[in-house]
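Asker: Protein chains in written order, with the working numbering: chain A, 685 to 861; chain B, 2 to 185.
Quick reminder that beta carbons are idealized off the backbone N, C-alpha and C, glycines included.
If you're wondering where the values come from, they're calculated on a predicted model, not measured in any experiment.
One structure, pasted below without further comment.
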Amino acid sequence: MSRLDDELRNAFKREQPPADFTARVLERVARQPEPQRSLWQRLAALVEPPKMRWVAIGVTAALLIAIGAAQYSRLANKVVDDTGKLSQAGPPPEEKKAPVNEGEVDAVITHRNSVAVPKKHTLSLKRHQLAAARVEKAPEMKSEAEAAKDKLMLALSIASSALNDAQKAVHDDGPKP
Amino acid sequence: MNNATGARLDDRIERSALGDQLAFEQIVTQHQGMVFSMACHFLRDRSLAEELAQEVFLSLHQNLHSIKSPEHLTFWLRKVTSHRCIDQSRRQKLRPTVSLEDVAEPAARASENDLFLSEMLRRVVDTLPEKARMVVILRYQEDLEPTEIARVLDMPLNTVKSHLRRSLSMLRDKLSRTLGEVTL
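Shown next as structure tokens:
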């Protein structure tokens, strides 16, 4: 480092402003109108303070709980509904007893081909088939419901810890004596 | 800067942005020397420098939400002060009212009077073009490296280096003529 460098450092040492400099700056700041913030800046400012950040986390957790509970309730209702329908449907309608002789059999076949099956009977059959399909799917749906329940319990525990943290943070940030 | 100091400064910036006047006052107190000195060395007029420094802090108050860290705050203040000084100088045509050749030759030797030498150096630097002058001030007042000066002044690194080289060479010439046997 040359002597010129040292001399330049010495020549350009920092200087202090007048003693009332800070006071004058603050006075001018106080006279300034509040800066106009854009809508986005104002929205962002809502979650800027530490307390509000925790409130935002709490609200998000509450929303997740509500969605999870609704989903769980929907699945549980579906399972109950299916079980109820199944019990109402009863055993499948029995076929008419087979005719004894061949002549009667032919007559019945001819009758079945010529006469349309009543609509009421078809509907009952379809309902029964649907119920049977649901019975087949019941274990699958039950496992789905169990999984949803597990997820809900996990969400609840996360939300609970988040809310505890939020409460703690709010207490910590609160006014000090 | 240790972690505790950094955290305190971060906290001050955050509180200032939320309207805490005390925190803003602490920021002003901490940085006023830097801002005022840059303006004072550049403009060579204390009242103009004070006015400019106040405007820089007013601008800071309006832009506190964009300051991300204490380092960013210092960088922001240096940048805004530099640009405002250059603008002010161009507007008011403050630069050289005296040419390099007109700078008075000192009657005393450097060893006899360091204050006189400092004043002479400042007057010679005052004859430099605006950007070159600011490069010298940032280099020797703020002790910044050429890369940092390039960032503050939005200037290519090679331009900063060439400004420094030419300014120092000019200062050496002038001072060797003036001070004769003193090796600089």
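1) With a cut-off of 8 Å, does the C-beta of Q755 of chain A fall near any C-beta of chain B?
2) Since E131 of chain B and I68 of chain B are thought to touch, with beta carbons under 8 Å apart, how far apart are those beta carbons, to the nearest angstrom?
3) Within 10 Å of its beta-carbon, does Q93 of chain B have 16 or more other beta-carbons around it, so buried, or fewer, so exposed?
4) Looking at L172 of chain B: is its Cβ nearer than 8 Å to the Cβ of L688 of chain A?
5) Using CA atoms only, rank isn't needed, just tell me which of A:L692, A:Q813, A:R715 and A:E830 is closest to S757 of chain A.
6) Thinking A815 of chain A and W738 of chain A are a contact (beta carbons under 8 Å), I'd like their distance in whole angstroms, please.
7) Can you confirm whether the region 8-27 of chain B touches the region 46-57 of chain B when touching is taken to mean that 3 or more C-beta pairs between the two stretches lie within less than 8 Å?
8) Where does P702 of chain A sit, in a helix, a strand or coil, going by DSSP?
9) How would you label K697 of chain A, buried or exposed, when you count the other beta carbons within 10 angstroms and need 16 or more for buried?
10) Which chain A residues sit within Cβ distance under 9 Å of E146 of chain B?
11) Where does N694 of chain A sit, in a helix, a strand or coil, going by DSSP?
12) Buried or exposed: where does H62 of chain B fall if 16 or more other Cβ atoms within 10 Å of its Cβ makes it buried?
13) Under 8 Å between C-beta atoms, does H32 of chain B make it to chain A?
14) To the nearest angstrom, how far is the alpha carbon of R178 of chain B from that of S168 of chain B?
15) On the three-state DSSP scale, how would you describe N159 of chain B?
16) Looking only at C-alpha atoms, which of B:A151, B:V161, B:F58 and B:K162 sits nearest to F37 of chain B?
17) Given a threshold of 16 other Cβ atoms within 10 Å of its Cβ, counted over all protein chains shown, does D127 of chain B qualify as buried or as exposed?
18) Short check: CB of M825 of chain A to CB of V763 of chain A, under 8 Å?
19) For G742 of chain A versus L847 of chain A, is the C-beta distance shorter than 8 Å?
Answerer: In terms of the structure at hand:
1) no
2) With a Cβ gap of about 26 Å, E131 of chain B and I68 of chain B do not count as contacting.
3) Around the beta carbon of Q93 of chain B, fewer than 16 other beta carbons lie within 10 angstroms, which makes this residue exposed.
4) yes
5) A:E830
6) Going by Cβ atoms, the distance from A815 of chain A to W738 of chain A rounds to 50 Å, so no, they are not a contact pair.
7) At 8 Å Cβ cutoff, the stretches do not touch.
8) coil
9) exposed
10) None at all; the shortest Cβ gap to chain A is about 13 Å.
11) Secondary structure at N694 of chain A: helix, using DSSP grouped into helix, strand and coil.
12) buried
13) no
14) Straight-line measurement puts the Cα of S168 of chain B at about 15 Å from the Cα of R178 of chain B.
15) helix
16) Taking only the C-alpha atoms, the option nearest F37 of chain B is B:F58.
17) buried
18) yes
19) yes
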